[in-house]
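Counting in numbering that gives the first Met the number 0, the sequence shown tops out at residue 404, every number present.
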Amino acid sequence: MNIREWTMRSSTGAIPGVFLSFNVVVFVVYLLAFSSTEHAELPPAGHLKPLGWHRVAEPGVDTVDVVPEPGVFFEDYVRKGRPLLMKGAARNMKTFRLWNDEYLRTQFGDLEVEVEEGKKENRSRGLWTMRLDEFVEEYQQGDIYMVASVPTEMADEVELLRCLLCGGFTERLQDAVIWFSSGNTKSVLHFDAVDNINCVMDGQKEFFLVDKNEKNSVFMDHPDGSFSSVDVDHVDMYEYPGLGQVPWYNVTMQPGDCFFIPYRWFHQVRSAAGRSLAINIWFVHLLRFNYNDCMAKGQLPEFEPLGQFQLTSDLEQLRGEIANFIDELEESVLKIQDLPKLADEFEIMDQESLKMFTILDRDKNNQVDLDEVYSCNMKDIETQAPGLVRMYNSGENSENDHDEL
Ligand SMILES: *[C@@H]1O[C@H](CO)[C@@H](O)[C@H](O)[C@H]1NC(C)=O
Ligand SMILES: *[C@@H]1O[C@H](CO)[C@@H](O)[C@H](O)[C@H]1NC(C)=O
Numbered sequence: 000m001n002i003r004e005w006t007m008r009s010s011t012g013a014i015p016g017v018f019l020s021f022n023v024v025v026f027v028v029y030l031l032a033f034s035s036t037e038h039a040e041l042p043p044a045g046h047l048k049p050l051g052w053h054r055v056a057e058p059g060v061d062t063v064d065v066v067p068e069p070g071v072f073f074e075d076y077v078r079k080g081r082p083l084l085m086k087g088a089a090r091n092m093k094t095f096r097l098w099n100d101e102y103l104r105t106q107f108g109d110l111e112v113e114v115e116e117g118k119k120e121n122r123s124r125g126l127w128t129m130r131l132d133e134f135v136e137e138y139q140q141g142d143i144y145m146v147a148s149v150p151t152e153m154a155d156e157v158e159l160l161r162c163l164l165c166g167g168f169t170e171r172l173q174d175a176v177i178w179f180s181s182g183n184t185k186s187v188l189h190f191d192a193v194d195n196i197n198c199v200m201d202g203q204k205e206f207f208l209v210d211k212n213e214k215n216s217v218f219m220d221h222p223d224g225s226f227s228s229v230d231v232d233h234v235d236m237y238e239y240p241g242l243g244q245v246p247w248y249n250v251t252m253q254p255g256d257c258f259f260i261p262y263r264w265f266h267q268v269r270s271a272a273g274r275s276l277a278i279n280i281w282f283v284h285l286l287r288f289n290y291n292d293c294m295a296k297g298q299l300p301e302f303e304p305l306g307q308f309q310l311t312s313d314l315e316q317l318r319g320e321i322a323n324f325i326d327e328l329e330e331s332v333l334k335i336q337d338l339p340k341l342a343d344e345f346e347i348m349d350q351e352s353l354k355m356f357t358i359l360d361r362d363k364n365n366q367v368d369l370d371e372v373y374s375c376n377m378k379d380i381e382t383q384a385p386g387l388v389r390m391y392n393s394g395e396n397s398e399n400d401h402d403e404l
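Structure (structure tokens):
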């Protein structure tokens, strides 16, 4: 009942007086109730709307039609932490040209792949494995999402882009994952502690992307700190006020596009309705580029198969994270007084962080620089600070098993 309806009805005289006064009372009560709550003003922009409705997106991210050489990719994007959309970069990949349902079913049907319950990501729901041919049979009907590390048998058909083929990237590959569904998937808002290139083979994806420097606005309220519990379809701006102002980028990907998401940038990913297939590669954030390696390799092909490379060990990933941590300290040096920060960052006890510091500090000058991190024998850290390595591995695994694109 609203005021217009009430006026109209009363002017016709067709409504009994008692009913009219009931309407007036309800209207007055409604006004009083409304003006007495703290939400009396208009709710904040984007309240209870999907992520990205709070303000217009920033102008787009850098976009290229030609995949950069590794040296340029490193200097301009990886080192600076700048996202890059590479249009059409995957169009000649085998996975783009060949991987339709029929091909996957006949070539790889008997492989066991990991599948998640629910196309809207919920990290407390189930994961299981099923045969790929069964998945192909069911995915158009079911609320299921294949999120599977590339099985060895498929690794020769998955290809790495030229921008990763020299300089040190291929020694730091952390994981490659296939994302396959009937579309309308939604990830949680999260970040990855590694660099990421995601290529869409079929369907469209849309990224809500936020600079890593906005960490105070996009605070990750899940206890392990890796993602936000915000409902990505109905953002409660009273609960997450930082999201009400935060600048963001709207990146849309078409089939054949690849997107570089720098490490620690926040993102939430949606796929459009319809068959959706993407493959992403995570690689440990590189701080130093090996130009000699690129000289030695000379002219690079457009792609090389993932199967030619080994994934890096957990210990190497840990080295990468320690290096990133030190790189962000003043003068890129870890001093004795930084130890509490170190313990905090890696969730270790002070004793263990001291042990680690002692191992890393080879020249015993009470500070650790990046050279020392890169020349350290990580096995020594594993034997002398086992709690650290254990902590790191358990955190990493629980995070990576679920990261969604
Ligand atoms: C992002 O951009 C795409 C393509 O221009 C558009 O369809 C979509 O509505 C935009 N998303 C938001 C949340 O503004
Ligand atoms: C996630 O799943 C759990 C268990 O099924 C459920 O209790 C919870 O409400 C779900 N969360 C969201 C945001 O849907």
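By construction, the Cβ of each residue, glycine as well, lies at the ideal position given by its N, Cα and C atoms.
Taking 6 Å as the limit between beta carbons, can you name the residues of its chain near residue i, skipping five residues before and five after?
i            : result
serine 275   : Ser180, Gly182, Gly202
arginine 361 : Glu371
valine 28    : No answer about valine 28 holds up, because its pLDDT of 48 lies below 50 and its placement is not dependable.
valine 63    : Met85
proline 254  : Val199, Asp201
Using the rule of at least 16 other Cβ atoms within 10 Å of the residue's Cβ for burial, across every protein chain shown, is residue i buried or exposed?
i              : result
glutamate 74   : exposed
tryptophan 281 : buried
methionine 294 : exposed
serine 225     : buried
histidine 233  : exposed
methionine 348 : exposed
valine 372     : buried
glutamate 166  : A quick correction: the sequence has glycine, not glutamate, at residue 166. Glycine 166 should be labelled buried.
lysine 363     : exposed
valine 55      : exposed
serine 374     : exposed
tryptophan 264 : buried
So, helix, strand or coil for residue i, using DSSP?
i              : result
asparagine 249 : strand
cysteine 198   : strand
glutamate 381  : helix
lysine 214     : coil
threonine 151  : helix
tyrosine 144   : strand
glutamine 350  : helix
aspartate 368  : strand
glutamate 40   : coil
alanine 175    : strand
lysine 334     : strand
glycine 241    : helix
leucine 131    : helix
tyrosine 391   : helix
arginine 119   : Correcting the residue identity first, residue 119 is lysine in this sequence and not arginine. Correct three-state label for lysine 119: strand.
glycine 182    : strand
lysine 340     : helix
glutamate 205  : strand
Grab me the residues of residue i's own chain with a C-beta within less than 8 Å of its C-beta, minus the 5 sequence neighbours each way, in chain order.
i             : result
arginine 439  : This structure cannot settle anything about residue 439, because the visible part of the chain is limited to 0 through 404.
valine 250    : Gly59, Val60, Pro82, Leu84, Glu205, Phe206, Leu208, Phe258
aspartate 142 : Glu116, Gly117, Lys118
aspartate 109 : Arg130, Leu131, Asp132
proline 304   : Ala154, Asp155, Glu156, Val157, Glu158, Leu159
For ligand 1, any of its heavy atoms closer than 8 Å to the Cβ of residue i?
i                 : result
asparagine 249    : yes
glutamate 57      : no
glycine 224       : no
proline 82        : no
phenylalanine 265 : no
glutamate 238     : no
phenylalanine 207 : yes
proline 261       : no
glycine 409       : The structure shown has nothing for residue 409, since the chain only spans 0 to 404.
proline 254       : no
glycine 306       : no
tryptophan 52     : yes
proline 43        : no
proline 246       : no
glutamate 339     : First, the residue type needs correcting, since residue 339 is proline and not glutamate in the sequence shown. Checking every heavy atom of ligand 1 against the Cβ of proline 339, none is found closer than 8 Å.
proline 49        : yes
Report yes if the C-beta of residue i is less than 8 Å from at least one heavy atom of ligand 2; otherwise report no.
i             : result
lysine 119    : yes
serine 123    : yes
aspartate 230 : yes
By Cβ distance, which residues of its chain are closer than 7 Å to residue i, with the 5 residues on each side in sequence left out?
i                 : result
leucine 31        : Note on leucine 31: pLDDT 49, under 50, position unreliable in the model; the coordinate value appears next. Here the set comprises nothing.
isoleucine 177    : Met145, Ala147, Val149, Ile278
aspartate 343     : none
phenylalanine 308 : Thr169, Leu172
glutamate 381     : Leu314, Val388
lysine 93         : Glu156, Glu158
phenylalanine 288 : Gly70, Phe73, Gly166, Gly167
glutamine 383     : Lys354, Ile358
- In the stretch 254 to 330, which residue ranges form an unbroken alpha helix (DSSP H) of at least 4 residues, counting only runs that do not cross its ends? With a minimum length of 4 residues, the unbroken runs of alpha helix (DSSP H) contained wholly in the stretch 254 to 330 fall at 290 to 296, 313 to 326.
- Pick out the complete alpha helix (DSSP H) segments inside the stretch 54 to 110, 4 residues or longer, and give them in chain order. List check, alpha helix (DSSP H) in window: 93 to 96, 100 to 107.
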